[in-house]
Structure formats: structure tokens, C-alpha cells
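Participant:
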Amino acid sequence: MTPGASGDFTLLALGATELLAGRLLRYQDQPGFQMATFAESYDEKAATAADARKALGANLALISALEQHDNRWRARLELREPARGRSLGTRVVDVPVTEPFAFADSLYHGALALLRLPAGAHTAESDFGVRGAGTLRFLMQGVGRRRAAPSADDRRRAIEDFETACRTEPGAATPRMWLASAELGQYAATKDSSWLARAEASARAAVSLDGGRAGPHRTLASVLGYRKRHAEALAEYERACALDPTDDEAWHLWGRTWLRLGKPEEERKVYEAAIARRPHCYKPRWWLAAWYFYNGHFGEAKQAYREMIRCAPDLATGYASLGGLLVLDGEYDRALDTLRLAAMLRPTAVSYVNLGTAYFNSGRLDQSVEAYNQAFQFGEANYHLWYDLGEAYFWLRGRPDQARDAYRQALRVGREEIAARAGRGSSVDPMIPANLATLLPKLGEPDTARIMLADALAADSLNAMVQYCAALTCWQLGERDRALDWLRRAVAGGYPVVWLRDSPVHREWRGNPRFDSLLAGAPSKSGTAPSPGK
Numbered sequence: 016m017t018p019g020a021s022g023d024f025t026l027l028a029l030g031a032t033e034l035l036a037g038r039l040l041r042y043q044d045q046p047g048f049q050m051a052t053f054a055e056s057y058d059e060k061a062a063t064a065a066d067a068r069k070a071l072g073a074n075l076a077l078i079s080a081l082e083q084h085d086n087r088w089r090a091r092l093e094l095r096e097p098a099r100g101r102s103l104g105t106r107v108v109d110v111p112v113t114e115p116f117a118f119a120d121s122l123y124h125g126a127l128a129l130l131r132l133p134a135g136a137h138t139a140e141s142d143f144g145v146r147g148a149g150t151l152r153f154l155m156q157g158v159g160r161r162r163a164a165p166s167a168d169d170r171r172r173a174i175e176d177f178e179t180a181c182r183t184e185p186g187a188a189t190p191r192m193w194l195a196s197a198e199l200g201q202y203a204a205t206k207d208s209s210w211l212a213r214a215e216a217s218a219r220a221a222v223s224l225d226g227g228r229a230g231p232h233r234t235l236a237s238v239l240g241y242r243k244r245h246a247e248a249l250a251e252y253e254r255a256c257a258l259d260p261t262d263d264e265a266w267h268l269w270g271r272t273w274l275r276l277g278k279p280e281e282e283r284k285v286y287e288a289a290i291a292r293r294p295h296c297y298k299p300r301w302w303l304a305a306w307y308f309y310n311g312h313f314g315e316a317k318q319a320y321r322e323m324i325r326c327a328p329d330l331a332t333g334y335a336s337l338g339g340l341l342v343l344d345g346e347y348d349r350a351l352d353t354l355r356l357a358a359m360l361r362p363t364a365v366s367y368v369n370l371g372t373a374y375f376n377s378g379r380l381d382q383s384v385e386a387y388n389q390a391f392q393f394g395e396a397n398y399h400l401w402y403d404l405g406e407a408y409f410w411l412r413g414r415p416d417q418a419r420d421a422y423r424q425a426l427r428v429g430r431e432e433i434a435a436r437a438g439r440g441s442s443v444d445p446m447i448p449a450n451l452a453t454l455l456p457k458l459g460e461p462d463t464a465r466i467m468l469a470d471a472l473a474a475d476s477l478n479a480m481v482q483y484c485a486a487l488t489c490w491q492l493g494e495r496d497r498a499l500d501w502l503r504r505a506v507a508g509g510y511p512v513v514w515l516r517d518s519p520v521h522r523e524w525r526g527n528p529r530f531d532s533l534l535a536g537a538p539s540k541s542g543t544a545p546s547p548g549k
């Protein structure tokens, strides 16, 4: 941005860049082309090409610099290759401030030329669905203000920008869609139900004005989701994906809405359909891999993460997740190699948590504690990280006090997460009460453990991970036969037998005939095979 530029221009430039990114996203149906959303790069504060590679796994980064001088808008676009630190080309735009459509289209065509993407017949007027220069200016300014809005007053001013755009062009759907999104954001921040009602009215108006655009349907679906009218939201997400198959947000939320309706198999089908439409994109494979994992299909999850890595070889997330699954398979040496690669690309809590678990299951408990402690450097200290640290302390002789302290933190943070999910209308995550139930007996709270376990089983008693937590909880409560019943069901549902074989948690289970019979199916311990991808 221009040093010393007016606040309105700074916001307009931010909005123009976000709208440009939205237009480029539609090229994800081109073989080999995929991109992060503007929101992802903005939230990651990716200011340089190197930042984009580290945070998002990008092998190309489009850098924009926008300025205003002497009643002209100027922009410089540069395409950079982060891995080699080199520039692949630049484009310069210079347009009078009275021509916002020419400015938007010049940015767009400059970006397409740098990315070597085909230039179609689309114009800013057709893509944005507005015709007036003033309308577009207020739209860009509102989009930028909404993205940057740090306060309630800023959010209200974004709403005012969109309302002005709606008044200047009452028949345009796009300003109504953005107005609905801003009103929904205000509801999420304030919990004032009048904002939710306004958001629904604006979203329905946008759909009525132009039902052939994906955005209004996706926005209406989001509003309906907040109202817990998931069946209606489902139809809107499906329509949005049909109109724009490149809309990652709509595809993902379509799948998650099936989960909220209690139909996880339909959720999986959505992700598979997204993969079929865009086989070169990593995100649908990521969603599918996560679905397999959370539904206890660990072998399928491992393969899906490998496919994700193939589509995004510089993204640390795939390696961190695959490393965790290799731990589940008892392939500890391969897991450690893969997780170290993840940490090299981008050190995160996930990679260090999985490193800690690899050390834990292979009996290197001191290194496990060290890895879990290192995870606290990155991101939020969530309940599961406190839980893992507590487990490592618990199984180290003479460290019960440290274990109890970590367990209490896990319990506090886990309860806060349960309350937060309920407050924002998110679906129940059964793993939170399931995991908390396993630590409560160690804190001398058996009755609370039973309540937590009942909540987890009510949410998803067919989940192999939940069943495993039920087994751990029942064992600690002295209900050994019931524990082994749940453990048998967990193994039948896909829980890895190698964890029963290797985890220190099961030391006192060994020698029980029913437990030993489950171990009979465990493979021999893995050696030092090379890590995947090496």
C-alpha cells in the first residue's frame, strides 16, 4: 500500500486484492492449478513468497503492491518462486481512479498472464454482477473493511459500505451477498439474534436477485447453518457447488453439513465427488483423509494423506498427519523421519505432538515429554496437548504431580472447547468428552468420568476412537469385562492393534487372556525402512 495513503484507499486496495483472488480461484478446474484462498494467506500474515511457502506449501506466490498517486491507481504484480527465491515476471497497472472496472480487469488479466492461465471473456462487470463505478468502489471498500475489521465499529462501517452499494444498485445480488456475510459476522461476534435475521433476509434477497451465482447460495447456506436448519443448508451448498465446482469452502461445508445431519457416509461421498471433479487439488484429499481418520479407517486415511502429499509436496500438514498415522501403524522409525520432514518445512504443534507420540509408544518417554513440551511453542495449547503431556508424565515413574497438573489443564481447556462449540452452533466433537473421560479417574473423579463417557457415546458410539476411550475409562473404573468388550469393538472398527502392543498404557492389561488374544493379530515390530517420499 502507498505509505501515508488514506484509510479508505488502503481498505479499497485490500478489497480489490481479495476480489481478484476470488476470480483466480475459479481456475482451479484447470489441470495442475490450485491456490490458497485470500483468507488463508491473510490469516497466516503471509507477507513474502517465503512466508507463503512455509505456511501454505506454495510453490508460486503472486505479490501485489497497490498505490494511489495523482488521481491514478497503480499496481505492480510479481510472480515469485519461493523455493529458489527468484522472480518469474512482473506486470504493472496504471488506471485513473474514475475507472474501477478497468483497474479490476487490468489486475485480473495481468495475473492471468503471469500464471499462464487462459484469458476468457469474463469481465469485472460480469464476475461481480454490478455495473456502476460507485457500486464497485463501495463493494471493494466494504470487502477490504470486512477483512481488516478489528472492532465492532469497523464491522458496522463495513456493513454501511455494503448497504451503500446495495442502494446505488438495488438490483445487484453481489452487494447483498457481501452484506449478508458481514451481518452474519456481526451476529457471530455479538450473538445478537437481530443480526442473524438481517443476514438471512439479505442472503435470500441475493439469491432472489441472481440465483445463478454460487456465492449467494453459499452465503444463505452459512446463515441456515447458524440457525441449525441443516437440511435447508444442505440444498444451498449443493446448489453452490453445482454452480461453481471450484468453491472449496462450499464443498467442505456441504460435507460437514451431512455430518451434522448424522450421515457421515454422505459426507464422504461429497469429498470423493470433489476429488473426481478436481483430482489435482489437495484440499478434497485432505478432507477425505481426515474423514477416514475420524471414522477409524486408518489404512485408507494413510493412503489419502499420501495422495494429499503428492498434490501438495511442500505443505507440512500432509507429512505431519501421515507421520501420526505411521505411529498408529507402529512404524515408528518411518514416522520419525516423516515428522522431522514436517517440522523442517514448518514446525507446528501437530508435528511435535506426533513426534511425542512416536517416542511414547516406542518407550522413549523422556524424549516424549521433551517433544510435547516443544509443541507448546506453536499455536494454542489445546486440551489434547495437555492430555498428551499428562500421559507422558503419568507413565514416567515418580512424576504423578506433573501428570495431575497437566490433566487438570486438559480438563479445563476441554470443557471450555465443549462450551465454545455449543455456543457457536458447531456439531459435537465426541473425542473431547471421550478423551476427558479417560483422565478423570486419575484425578479421583469416577462419577464425572462416567458422565463424560456417556456424553461421548451418545454423540458417536460407533467411532473406533471413542470406543477405545471407553475401554480405557472402564478399565480404570474397575469394569474390566466391559473395558475389554469396548476394546474388542474398537479393534474390529479399525483401532490399530500395534498400539495395544506397544503403548505403555497397556502394561497392566498384558496377561489378561482376552487382551492377549487381541494382540495375536499384531504384526511384528517394524524395522528402519525409509520414510515415505524419501
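Quick note: the sequence shown uses the numbering used here, first residue 16, plus one each step. Glycine included, C-beta positions come from ideal geometry on N, C-alpha and C. In this text the structure is predicted, and so the values were computed from the model without any measurement.
Considering only the beta carbon of each residue, do Tyr367 and Ala350 sit closer than 8 Å?
Facilitator: The answer is no: Cβ separation not under 8 Å.
Participant: Under the three-state reduction of DSSP, which class applies to Gly144: helix, strand or coil?
Facilitator: Note: Gly144 maps to coil in three-state DSSP.
Participant: Could you check what DSSP says for Gln45 in three-state terms: helix, strand or coil?
Facilitator: It is coil, neither helix nor strand.
Participant: Is Phe143 near Gly157, with beta carbons less than 8 Å apart?
Facilitator: No, the Cβ-Cβ distance between Phe143 and Gly157 is not below 8 Å.
Participant: Compare the beta carbon distance of Leu199 and Arg228 with 8 Å and say whether it is the shorter of the two.
Facilitator: No.
Participant: So, are the CB atoms of Asp329 and Arg525 less than 8 Å apart?
Facilitator: Not in contact: Asp329 and Arg525 (Cβ atoms no closer than 8 Å).
Participant: How would you write the range of the beta strand (DSSP E) that Pro185 sits in, first residue to last?
Facilitator: Pro185 -> no beta strand (DSSP E), and no H or E assigned at all.
Participant: Where Gly270 and Arg283 are concerned, what is the direct C-alpha to C-alpha distance, given to the nearest angstrom?
Facilitator: Those two C-alpha atoms are separated by around 7 Å.
Participant: Between the alpha carbons of Thr261 and Leu40, how many angstroms are there, rounded?
Facilitator: In a straight line, the C-alpha of Thr261 is about 7 Å away from that of Leu40.
Participant: For the 8 Å Cβ check, are there 3 or more pairs between the segment 125-140 and the segment 160-169?
Facilitator: Taking 8 Å as the limit for Cβ pairs, the verdict is that the segment 160-169 does not touch the segment 125-140.
Participant: Answer yes or no: do Leu122 and Val145 have a C-beta to C-beta separation smaller than 8 Å?
Facilitator: No; because the gap between Cβ atoms is not below 8 Å, this pair is not in contact.
Participant: Who are the Cβ neighbours of Gly333 in its own chain at under 7 Å, not counting the five residues just before and after it?
Facilitator: Around Gly333: Tyr320, Met323, Ile324 and Ala327.
Participant: Kindly give me the distance between the Cβ atoms of Gly311 and Gly536, rounded to whole angstroms, as I take these residues to be in contact under 8 Å.
Facilitator: With a Cβ gap of about 16 Å, Gly311 and Gly536 do not count as contacting.
Participant: Please work out which residues of its chain come closer than 6 Å, Cβ to Cβ, to Ala418, disregarding the five sequence neighbours upstream and downstream, and give them in chain order.
Facilitator: The residues are Gly405, Tyr408 and Phe409.
Participant: Quick check on the DSSP output: the beta strand (DSSP E) that includes Pro111 runs from which residue to which?
Facilitator: Arg101 to Pro111 is the span of the beta strand (DSSP E), which, as asked, contains Pro111.
Participant: Please classify Gln43: is it buried, with 16 or more other beta-carbons within 10 angstroms of its beta-carbon, or exposed?
Facilitator: Counting Cβ neighbours within 10 Å, Gln43 comes out buried, since at least 16 surround it.
Participant: Between which residues of its own chain and Gln389 is the CB-CB distance below 6 Å, once the five residues before and five after are set aside?
Facilitator: Only Tyr367 meet the Cβ criterion.
Participant: For Glu33, does the three-state DSSP call read helix, strand or coil?
Facilitator: It is helical.
Participant: In the DSSP output, what is Leu199 paired with across the bridge?
Facilitator: BP columns for Leu199 are empty, so no partner.
Participant: Sort Leu127, Gly147 and Arg91 by Cα distance to Phe116 and report the nearest one.
Facilitator: The shortest Cα separation from Phe116 among Leu127, Gly147 and Arg91 belongs to Gly147.
Participant: Could you check where the alpha helix (DSSP H) with Val274 kicks off and where it finishes?
Facilitator: The question names Val, but residue 274 in the sequence shown is Leu. Residues Asp263 to Arg275.
Participant: Can you tell me whether Gln83 is helix, strand or coil according to DSSP?
Facilitator: It is a strand residue.
Participant: Take Ala358 as the anchor and find which of Pro299, Thr453 and Leu370 has the nearest alpha-carbon.
Facilitator: Residue Leu370 is the option with its Cα nearest to Ala358.
Participant: Please state the DSSP three-state secondary structure of Leu330.
Facilitator: If DSSP states are grouped into helix, strand and coil, Leu330 belongs with coil.
Participant: Go ahead and label Asn86 buried or exposed: buried means 16 or more other beta carbons lie within 10 angstroms of its beta carbon, across all protein chains shown.
Facilitator: So Asn86 ends up on the exposed side.
Participant: Quick check: the Cα distance between Ala221 and Gly149, rounded to an integer number of angstroms?
Facilitator: Rounded to whole angstroms, Ala221 to Gly149 spans 19 Å at the Cα level.
Participant: Output yes or no for whether 8 Å exceeds the beta carbon distance between Ala204 and Arg170.
Facilitator: Yes, the Cβ-Cβ distance between Ala204 and Arg170 is below 8 Å.
Participant: Is there contact between the segment 51-71 and the segment 181-192, where contact requires at least three CB pairs shorter than 8 Å?
Facilitator: Result no; under three Cβ-Cβ pairs closer than 8 Å.
Participant: Across which residues does DSSP place Arg89 in a beta bridge pair?
Facilitator: In DSSP, Arg89 forms a bridge with Glu82 and Asp109.
Participant: Using only alpha-carbon positions, find the residue among Leu340, His295 and Ala373 that is nearest to Glu315.
Facilitator: Nearest C-alpha to Glu315: Leu340.
Participant: Taking the alpha-carbon positions, what's the Thr17 to Gln382 distance?
Facilitator: With a pLDDT of only 47 at Thr17, under 50, the local geometry of the prediction cannot be trusted, and the value read off the model is given with reservation. Cα to Cα, Thr17 sits roughly 50 Å from Gln382.
Participant: Could you tell me the alpha carbon to alpha carbon distance between Gly37 and Leu239, rounded to whole angstroms?
Facilitator: If you take the alpha carbons of Gly37 and Leu239, they lie about 23 Å apart.
Participant: Within the continuous alpha helix (DSSP H) that includes Val285, where are the two ends?
Facilitator: Here the alpha helix (DSSP H) through Val285 covers Pro279 to Arg292.
Participant: Hey, Pro415 and Phe393 are a contact pair by Cβ (cut 8 Å); roughly how many whole angstroms apart?
Facilitator: Incorrect: roughly 27 Å between the Cβ atoms, too far for contact.
Participant: If you reduce the DSSP assignment to three classes, tell me which class Glu59 lands in.
Facilitator: Glu59 falls in the coil class under three-state DSSP.
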